[in-house]
Each structure stands twice: as C-alpha cells, then as structure tokens.
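Have a look at the structure below before the remarks.
Numbering (the working numbering), first residue to last: 3 to 366.
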C-alpha cells in the first residue's frame, strides 16, 4: 500500500511548491485510518535513554512541527517520531518562500524560522494522543523575539514533561538569529543546568523525561570538545548529530538554489554529518547514546551512520525524494546486514568505524 501511495503522490507533490506539498502531506497523514503499526523485526529493537524503541528509524523534527500526525507516522513504520520545534508562543516564521528543493542533489534548503502553533496548541494535541503509546519526542526552541531564551526552554520542559517521551533541546537551527550562540560553552552550560533543573522539579509528577541536545554540523572540533564536555558534565541523556548546515559543498549541482539562505539538508549533508557523529562518539566515550541525522537515504547510509556511532537514526529530507517506502527499505537492509554477519542486534556495530572515520581527511 505504501509503495502504491508513493507512486501516486510523489510525482504530484514534487510539482507543487515545497511548503504547499508539505502541508498536503501532513493533511494526508491525518486522514489515515487508525490501526496498529506492523511489528518490526525483533533484531531491530533498541534500548536507549531508558526507552525501548521497536526499531532505530525515527522521523526527524521539522516535519510534524505541530504534532498533527505522530500516530500516523508510527503506524507507517517509524520506531519513533520527534515533533517540533515548538516555541512557547505561536510563531509565523520567516517570510515565504523559505523551503527549496535541490532536485539535482537530492537536497533541501530551508529557512523556516521555527514556525509553529505554539506550546498550548501542541500540548493539547499530545495530551489527546498520550494513551496511544509509542515514542514521541518533543523538540523545543526559543521564540525569535524572546528576551530570555533560556527561560523559554525551561518553560517548555515544565509544560511538556507529562506528555513527552523525551526532549530535544534545539540550539542548532541556523534560522533564528543568534540561536546557535547558545552552543558556546558558558551559554550552553547555563542552559543545560537550568533545563535539567526544570526536568528534576517536575519529575515527581511527570515521570522521567530523557533530555537530548541537538547540535550543528558546523561546529569546529574545539567547539565540539567544549559541547561534549559540558553535555557529559551536566549528564544529558544523549545528543542528536546533526542539524542542517550553512556550508555549501562545491559539488552541489544546483548552484542557483544553493545561493538561497538557510540550512542545507539531504544527501549533500551525509559525509559532514557522519563525520560529526564519529567525532562526537569518540569524545562521548560511551557516556550517552547518539542519534545520527543527515543525508540518510538508503540502508547503506543508515548503516554508515550507525557504524560511525549512532544508536538511532532520523530521516526527513530523503522522504521528499524517495517516499515513505524508504522506511521499510532501511529496516529490511539493516535486518539483512545483521543476519548476513550473524549478529543479534545493531548495538554490536555501533561506532565500529568511528576511529577510522575520524582519521580520514575532513569532508569537503
């Protein structure tokens, strides 16, 4: 059914404005009938951050910003879904056009600017679906006009703790001016201290809420040293590596679109984001698991990310070009790899290539 759906819808969606196509896709998912997801192969089960994932393939933040279709995505085979980014107040984001397909490169540039319905509306939706189960993380951000961005994160932790399977503290979007400055050592240390304190305050009533930090792929290695050191010292539960990049590889073929401002994702991000996964993995030294994001459009790319150090992976941009069938393709390839190599679980190969990758020349 998913194959037929992809064959019917992908050509149509690709003819539409990218943001209109995205809204149509969300609308279509909301119309899917209820039901239970097909069980994943037991070999794909992953335990991370104290949570049991049926498989390691997640929907990245940015697709379902407003928690309109997390259960539909889980039914379609994702092992987990991350909604958001959510900000305390509703926000329109940057002016359109703000989403661009780089068709020749299987890439995407966006400068959305944390457009979302705001915390109250998203919280209502998550509260309504809470009894359905499944792992749904909440990616939290700050309003563009906030006078205290750290306070925004604290407020969101307090609000969403009862309904979030986990939190992602997003300080790495390039589309909110000054947001990435929160990755600098002193600011990041203060931010993590305050959000972890907020989580502990609500733990008694809301239960455990693993807290992850999402970073940019554009950090220098010295900056990454600082970030990982602070994440370890503050005992975050994990990191997501990485967000979109401001870099523009010379290999991009769609040079006209490449000039658009915003973060680049999709296949052009694969090598850089994978290198950053490996660099983060060797610095974390097993203190916490990683989620690898960026350029995953095949089972081979997923395996590369896992062998670089990712315990879980997330997709988004590649679905624009390959459709929802990609989720099952990746899971099938991972199972095939485990069987072919006589391994029982993916945990046996997490980080297997990290040392080798970090010794290679830096990706262009």
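Cβ coordinates follow ideal geometry from the N, Cα and C atoms, glycine included.
All figures in this text were calculated on a predicted structure; none of them were measured in a lab.
Beyond the five residues adjoining it in sequence on each side, residue 259 comes within less than 8 Å, by CB distance, of 102, 103, 104, 111 in the same chain, given in chain order.
Cβ-Cβ distances below 6 Å link residue 325 to 8, 12 in the same chain, with the five nearest sequence neighbours on each side left out; the list follows chain order.
The beta carbon of residue 278 sits closer than 7 Å to those of 219, 243, 244, all from its chain and outside the five residues before and after it, given in chain order.
Contact check for residue 176 against residue 208 fails: the beta carbons are separated by 7 Å or more.
With respect to residue 238, residue 215 sits close: the two C-beta atoms are nearer than 7 Å.
Where residue 207 is concerned, the enclosing alpha helix (DSSP H) starts and stops at 187-208. Between residue 275 and the set 24, 97, 360, the nearest pair of CA atoms involves 360. In this structure, the straight-line span from the alpha carbon of residue 267 to that of residue 78 is close to 23 Å. The three-state reading of DSSP puts residue 360 in helix, counting H, G and I together.
The stretch 170-189 and the stretch 112-124 touch, with no fewer than 3 CB-CB distances between them shorter than 8 Å. DSSP, reduced to helix, strand and coil, places residue 247 within a strand of the structure shown. Spanning the alpha carbons of residue 68 and residue 351 requires a straight line of approximately 35 Å. For residue 216, the uninterrupted beta strand (DSSP E) segment begins and ends at 213-217. Residues 228 of the same chain have their beta carbon placed closer than 6 Å to that of residue 187, with the five preceding and five following residues left out of the count.
Minimum Cα-Cα distance from residue 234 among the listed residues 256, 354, 289, 262 corresponds to 289.
In the pairwise beta carbon analysis, the stretch 116-131 is classified as not touching the stretch 29-45: fewer than three pairs are separated by under 8 Å. For residue 70, the three-state secondary structure derived from DSSP is coil.
When secondary structure is reduced to three states using DSSP, residue 84 falls in the strand class.
For the pair residue 130 and residue 71, the Cα-to-Cα distance works out to about 12 Å. Scanning its chain for C-beta atoms nearer than 6 Å, with the 5 sequence neighbours on each side dropped, one finds around residue 57 the residues 42, 46, 81, 333, in chain order. Taking all protein chains shown into account, residue 183 has fewer than 16 neighbouring C-beta atoms within 10 Å of its C-beta and is therefore exposed. For residue 230, the three-state secondary structure derived from DSSP is helix. Judged by their CB atoms, residue 140 and residue 64 are not nearer to each other than the 7 Å cut-off.
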